[in-house]
Amino acid sequence: MRKYLHINLNDRQTATEEWDGEALVKAGRYLIAKMLVEAGVATADPLGPDNPLIFSAGPFAGTTFSNANRLSVGCKSPLTGGIKEANAGGTFAYAMGRIELAGFTLHGQANEWLVIHFDKEGNLTFEEATPYLGKTNTEAANLLYERYGKKISFALCGPVGEYLGLLAGITISDSDGRPSRLAARGGVGAVMGSKKVKAIVIDVAAMPRLHDRKKTLSAVRTYAKLIQEDEAIQSTYYPIGTMAMADYTNHVGGIPVNNFTLGAQVNDSLETFKMGGTYITELNNSRGGNHSHACMPGCTIQCSNVYVDASGKEITSPVEYETLALLGTNCGLRDPDDLAEMNQYCNELGIDTIETGATIAVLMDAGLAEFGDLAFMRRVFQALQSGSEEGRIWAQGTAHAGKHYGIHRVPVVKKQAISAYDPRVIEVTGISMMTSAQGADHTTGNVPKYASRDKDLPTLMAASLEAQIACAAVDSIGLCIFGRSVTNPNIAFLADSINAALGTALEPTFFHKIGRETLRLEREFNEAAGFTAADDNLPAFFYDEPLAPSNQAARFKGVEVHDIYEHLDEGGTQGVPEEYGRVTSP
Ligand code: SF4
């Protein structure tokens, strides 16, 4: 039994529901889609009082089941106008699980800025937020630790979210207490800002009650062992992390460089790719940085990192592949230390590194600066922090910046920046980003190593759909997608583990079923919001400008891929093509 709270910010009244069984399993992205469709908010003002902001933890929340304490945050996106689920690692879902809180919805809007505090018994109080306003995330975090002690977890609205900038995510404290893990995409931080909730703080309590504690803890150990034996994780995610992808995408010509005008920054047969995962890992390890870091308690994949400078002093955490590409190569940066500095500005402001990097590159393409102009990038972050007139324009994101400066090369789908897989080369991920109701988001169905060019569209759509179903499923049960090489082949084990924790009687089929239902609900929401097949198009330049060095242009239009979800019942049967090369076709 766990609680679900409806918190009305207008009158500070809270309604409590008691949930158990499958209600606790169908969480995260599924729950968000279901609640938002049922609430009929598709046409609501996303920054108005009628847009609920939902926080949901999965069935393992509060345990140390590896990579299973992912937090999902959802609402109607003020960036895309469609549905949004943004998920984050860190400690918040873990802390929710420890007070036996399955989730909560913030309704309405507060009159005054406030902090919501949960004590170890789960009792909620509303507190004064004035001391934290306008601070960087590290400053605000330190004040929260002074006020509430060190044994807390928090979700924080940063300074850009305070003035409703659409770059804003919601920052979660990591396993060392850093304000560094973001529910990043779609402007969820602006929605938190619109509700005048500066922070939500949870006192971390003891292990929650479990249906069969012994069996659940045994499953925790078994899953950790499977991860330790998994070649894909042990050769890539654990030692290098997501930045390993950069060496591959630069090699195949699919990494965004200089606002998506090139697909490779260097010819790696002639020179070292210094923005690649191999180089950065060696550099960081040689300086004493940590390249196998767990963002949440219990994660044995440990794909995160703590990046340090030449003297061994921490600059930022974590440097992820998509940050490296959008805020790095896509803005013309070539030095990992410069990238780390920019990464940390995003951490301090609580903003999405993908949307921010894409926006800055658009500004550069519009002639405001040369690619690689570090001084200009620093000026952008100063403007974003101060909320100056130009800072507030830039804080509205890539699509808005492109429109404002009148340039044609604006890399978005459904007004959300395309992440670090150029769809002219990495085509299956491109189809996922085109068709997802979430807007351009690789995490909805990333299949970057699929050899696609000699395949027909139905084959590529089937590969995308397979990945989309599995990703929607793990996003709905609090699992991190980076465990998928273990999770996806072990669905029966997963069902047994959940049954042990919650006393449910799930069959293995639950996994793909929840994935399919989530995708159906998300499409339903977006249709009610007015989205059509035309919204699945890539921007024209992807079709008109072949990308060097492959000289490939995009092949598929929105109208050709839009009916992908008509085939949902055929998906979820083949297993997902592996991201790191073990399987390259279904
Ligand atoms: S795999 Fe990486 S991102 Fe996922 S939970 Fe573990 S450390 Fe965090």
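Count the sequence shown with the working numbering and you get residues 12 to 597, in order.
Each residue gets a CB set at the ideal place from its N, CA and C atoms; glycine is no exception.
task = Compare the beta carbon distance of V439 and S561 with 7 Å and say whether it is the shorter of the two.
result = Locating residue 439 in the sequence shown gives position 428, counting from the first residue. Locating residue 561 in the sequence shown gives position 550, counting from the first residue. No, the Cβ-Cβ distance between V439 and S561 is not below 7 Å.
query = Is the region 152-162 touching the region 380-395, taking contact as three or more C-beta pairs under 8 Å?
reply = no
query = Within 6 Å: the Cβ of N457 and any heavy atom of ligand 1?
reply = Translated into positions along the sequence shown, residue 457 becomes position 446. Not under cutoff, so the answer is no.
request  = Kindly examine ligand 1 and report whether one of its heavy atoms sits closer than 6 Å to the Cβ of S315.
outcome  = Within the sequence shown, the letter at position 304 stands for residue 315. Yes, ligand 1 has a heavy atom inside 6 Å of this Cβ.
task = Take the Cβ of L193 as the centre, count every other Cβ of all protein chains shown within 10 Å, and call the residue buried at 16 or more, exposed below.
result = For the purposes of this step, residue 193 is taken as the residue at position 182 of the sequence shown. So L193 ends up on the buried side.
request  = Determine the burial state of R527: buried for a count of at least 16 other Cβ atoms within 10 Å of its Cβ, exposed for fewer.
outcome  = As a first step, residue 527 is located in the sequence shown; it is residue number 516 there, counting from the start. Buried, by the Cβ-count rule.
query = What does a CB cutoff of less than 8 Å around L58 pick up in its chain, not counting 5 residues either side in sequence?
reply = For the purposes of this step, residue 58 is taken as residue 47 along the sequence shown, with counting starting at 1. Taken in chain order, the residues that qualify are P89, L175, A201, V202, S205.
ask   = Quick one: does the C-beta of I312 sit closer than 6 Å to a heavy atom of ligand 1?
value = As a working mapping, residue 312 is identified with position 301 in the sequence shown. Under cutoff, so the answer is yes.
inquiry  = Alpha carbons only, please: which of I213, Y461, I43, Q276 is nearest the one belonging to N134?
reply    = The residue given as residue 134 occupies position 123 in the sequence shown. With distances taken between Cα atoms, N134 lies closest to I213.
ask   = Under a Cβ-count criterion, where at least 16 other Cβ atoms within 10 Å of its own Cβ denotes burial, should P557 be classed as buried or exposed?
value = The residue given as residue 557 occupies position 546 in the sequence shown. Residue burial is scored here from C-beta neighbours: P557 has fewer than 16 other C-beta atoms within 10 angstroms and is therefore classed as exposed.
ask   = Which whole runs of the alpha helix (DSSP H) in the region 379-460 are 4 residues long or more, in chain order?
value = 385-397, 400-405, 409-416, 438-446
Check whether G489 and R224 have beta carbons under 7 Å apart = By 1-based counting over the sequence shown, the position of residue 489 is 478. By 1-based counting over the sequence shown, the position of residue 224 is 213. It is not a contact, given that the beta carbons lie outside the stated cut-off.
ask   = With respect to the alpha helix (DSSP H) encompassing D546, which residues constitute its N-terminal and C-terminal limits?
value = Translated into positions along the sequence shown, residue 546 becomes position 535. Note, D546: premise wrong, no alpha helix (DSSP H); not H, not E.
key: Boundaries (first-last residue) of the alpha helix (DSSP H) holding T520   = As a first step, residue 520 must be located in the sequence shown, where it is residue number 509. Judged by DSSP secondary structure, T520 falls outside any alpha helix (DSSP H); it is assigned neither H nor E.
The beta strand (DSSP E) enclosing K209, as first and last residue numbers = As a working note, residue 209 is residue 198 in the sequence shown. Start and end: 208-214.
query = Cβ of G39 within 7 Å of Cβ of S83?
reply = The residue labelled residue 39 in the question sits at position 28 within the sequence shown. The residue labelled residue 83 in the question sits at position 72 within the sequence shown. Taking 7 Å as the Cβ cut-off, G39 and S83 qualify as a contacting pair.
task = Can you tell me the Cβ-Cβ gap for P347 and M286, rounded? I've got them flagged as a contact below 8 Å.
result = As a working mapping, residue 347 is identified with position 336 in the sequence shown. As a working mapping, residue 286 is identified with position 275 in the sequence shown. P347 to M286, Cβ: 7 Å. Contact.
Assumed close pair A512, P70 - CB separation to whole angstroms, cut-off 8 Å = The residue labelled residue 512 in the question sits at position 501 within the sequence shown. The residue labelled residue 70 in the question sits at position 59 within the sequence shown. Rounded, the Cβ-Cβ distance is 6 Å, consistent with contact.
task = Ignore the nearest five residues each way along the sequence and tell me which others in L177's own chain have a CB closer than 6 Å to its CB.
result = Here residue 177 corresponds to residue number 166 of the sequence shown, with the count starting at 1. Cβ neighbours of L177 beyond the five flanking positions: P89, L90, G198, A201, Q407, G408.
key: Residues near I362 in its chain [Cβ-Cβ closer than 6 Å; skip 5 each side]   = Taking the sequence shown and counting its residues from 1, one reaches residue 362 at position 351. Answer for I362: V171, L178, A179, listed in chain order.
task = Grab me the residues of H573's own chain with a C-beta within less than 7 Å of its C-beta, minus the 5 sequence neighbours each way, in chain order.
result = By 1-based counting over the sequence shown, the position of residue 573 is 562. Excluding sequence neighbours, H573 sits near T446, A544, D547.
ask   = From T370 to L64, what distance separates their C-alpha atoms?
value = The residue you call residue 370 lines up with position 359 of the sequence shown. The residue you call residue 64 lines up with position 53 of the sequence shown. Rounded to whole angstroms, T370 to L64 spans 25 Å at the Cα level.
ask   = Skipping 5 residues on each side, what residues in its chain have a beta carbon closer than 6 Å to that of H453?
value = Translated into positions along the sequence shown, residue 453 becomes position 442. Once the five neighbours on either side are set aside, the close Cβ partners of H453 are S430, Y432, T440.
task = Determine, using beta carbons only, whether S508 and D241 come nearer to each other than 7 Å.
result = Residue numbering aside, residue 508 sits at position 497 when the sequence shown is read from its first letter. Residue numbering aside, residue 241 sits at position 230 when the sequence shown is read from its first letter. In this structure, D241 does not lie closer than 7 Å to S508 by Cβ.
task = Quick one: using the 10 Å Cβ neighbour count with 16 as the cut-off for buried, is D3 buried or exposed?
result = Because the chain in this structure spans residues 12 to 597, residue 3 falls outside the shown range and cannot be described.
query = What separation, rounded to the nearest whole angstrom, lies between the Cα atoms of E29 and F115?
reply = Taking the sequence shown and counting its residues from 1, one reaches residue 29 at position 18. Taking the sequence shown and counting its residues from 1, one reaches residue 115 at position 104. Between the alpha carbons of E29 and F115 lies a distance of about 12 Å.
key: Of the listed residues G299, A72, T260, nearest to E333 (C-alpha basis)   = To locate residue 333, count along the sequence shown from 1; it is residue 322. Out of G299, A72, T260, T260 has the C-alpha closest to the C-alpha of E333.
task = Quick one: grab the DSSP three-state call for H128.
result = The residue labelled residue 128 in the question sits at position 117 within the sequence shown. In the structure shown, H128 sits in a strand (DSSP, three-state: E or B).
query = Excluding five sequence neighbours on each side, which residues of the same chain lie with their C-beta closer than 8 Å to the C-beta of T635?
reply = This structure does not reach residue 635, given that the chain is present from 12 up to 597, and the question cannot be answered.
ask   = Measuring CB to CB, does E111 end up less than 7 Å from P219?
value = Within the sequence shown, numbered from 1, the residue matching residue 111 stands at position 100. Within the sequence shown, numbered from 1, the residue matching residue 219 stands at position 208. A contact, by the Cβ cut-off of 7 Å.
inquiry  = Any heavy atom of ligand 2 inside 6 Å of the beta-carbon of A305?
reply    = As for ligand 2, it is missing from this structure, which binds only ligand 1.
query = Is it right to say L281 is buried, meaning 16 or more other beta carbons lie within 10 angstroms of its own, or is it exposed?
reply = Taking the sequence shown and counting its residues from 1, one reaches residue 281 at position 270. Under this definition L281 is an exposed residue.
ask   = Buried or exposed: where does E590 fall if 16 or more other Cβ atoms within 10 Å of its Cβ makes it buried?
value = On the sequence shown, position 579 is the one that residue 590 refers to. Interpretation of E590 is limited by its pLDDT of 42, a score under 50 that renders its predicted location unreliable; no figure is taken from the coordinates.
key: Counterpart residues of V268 in DSSP-defined beta bridges   = Position 257 of the sequence shown, counting from 1, holds the residue named residue 268. V268 is bridged to L273.
inquiry  = Please state the DSSP three-state secondary structure of T182.
reply    = Residue numbering aside, residue 182 sits at position 171 when the sequence shown is read from its first letter. DSSP places T182 in strand when its eight states are reduced to three.
request  = Give me the Cα-Cα distance between R298 and G274, rounded to the nearest whole angstrom.
outcome  = The sequence position of residue 298 within the sequence shown is 287, counting from 1. The sequence position of residue 274 within the sequence shown is 263, counting from 1. It is roughly 30 Å from the alpha-carbon of R298 to the alpha-carbon of G274.
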